[in-house]
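S.K.: Take a look at the following structure, please.
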Amino acid sequence: QGTISNILKEKRKYEEMKDPSELKIKILPKVKSEQFEKEVVDFVMKCESDNTPISGDLIKAKGITVAETLGVDIKCSNGWLDSFKRR
């Protein structure tokens, strides 16, 4: 709701832009492996549905396990965790 309101407030500014490159667009990072992402998300969702406490370290540990199982090169660092939470 807030984003829509902000766009409507700035409508005139957007209409007056001559070059679309003037827009600042946030782009989420691409996911390296859809299967990896799905398995980690499923794990988090299962923990939430079971009311199991979950921490960032637990998500990173699961990510490392899934990456090794799938043979994908993903570093489950704090930066990865921050991006994962945004997605």
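Count along the sequence shown starting at 1, add 92, and that's the number in the working numbering. Ideal placement from N, C-alpha and C gives every residue a C-beta, glycine not left out. Being a predicted model, the structure only gives us computed values, none of them experimental.
From this set, Leu173, Phe128 and Val132, which residue's C-alpha is nearest Gly163's C-alpha?
M.R.: Position 71 of the sequence shown, counting from 1, holds the residue named residue 163. With distances taken between Cα atoms, Gly163 lies closest to Phe128.
S.K.: Cys168 and Lys152: beta carbons closer than 9 angstroms?
M.R.: The residue given as residue 168 occupies position 76 in the sequence shown. The residue given as residue 152 occupies position 60 in the sequence shown. Yes, the Cβ-Cβ distance between Cys168 and Lys152 is below 9 angstroms.
S.K.: To the nearest whole angstrom, what separates the beta carbons of Val136 and Ile146, a pair I think is in contact under 8 angstroms?
M.R.: The residue given as residue 136 occupies position 44 in the sequence shown. The residue given as residue 146 occupies position 54 in the sequence shown. Right, the Cβ-Cβ distance comes to about 6 angstroms (below 8 angstroms), so this counts as a contact.
S.K.: Taking the alpha carbon of Gly148 as the point to measure from, which residue in Ala159, Val158 and Gly171 has its own alpha carbon closest?
M.R.: Translated into positions along the sequence shown, residue 148 becomes position 56. Comparing Cα-Cα distances from Gly148 to each of Ala159, Val158 and Gly171, the minimum goes to Gly171.
S.K.: So Ser125 and Ile166 are supposed to be a Cβ contact under 8 angstroms. How far apart are they, rounded?
M.R.: Start at 1 with the first residue of the sequence shown, and residue 125 comes out as number 33. Start at 1 with the first residue of the sequence shown, and residue 166 comes out as number 74. About 7 angstroms separates the two Cβ atoms, so the contact holds.
S.K.: Could you pull the start and end residues of the alpha helix (DSSP H) that Glu126 belongs to?
M.R.: Mapped onto the sequence shown, residue 126 falls at position 34. Glu126 to Ser141 is the extent of the alpha helix (DSSP H) around Glu126.
S.K.: Would you kindly work out how many angstroms separate the C-alpha atoms of Asp111 and Thr95, rounded to a whole number?
M.R.: Here residue 111 corresponds to residue number 19 of the sequence shown, with the count starting at 1. Here residue 95 corresponds to residue number 3 of the sequence shown, with the count starting at 1. Taking the straight line from one Cα to the other gives about 22 angstroms.
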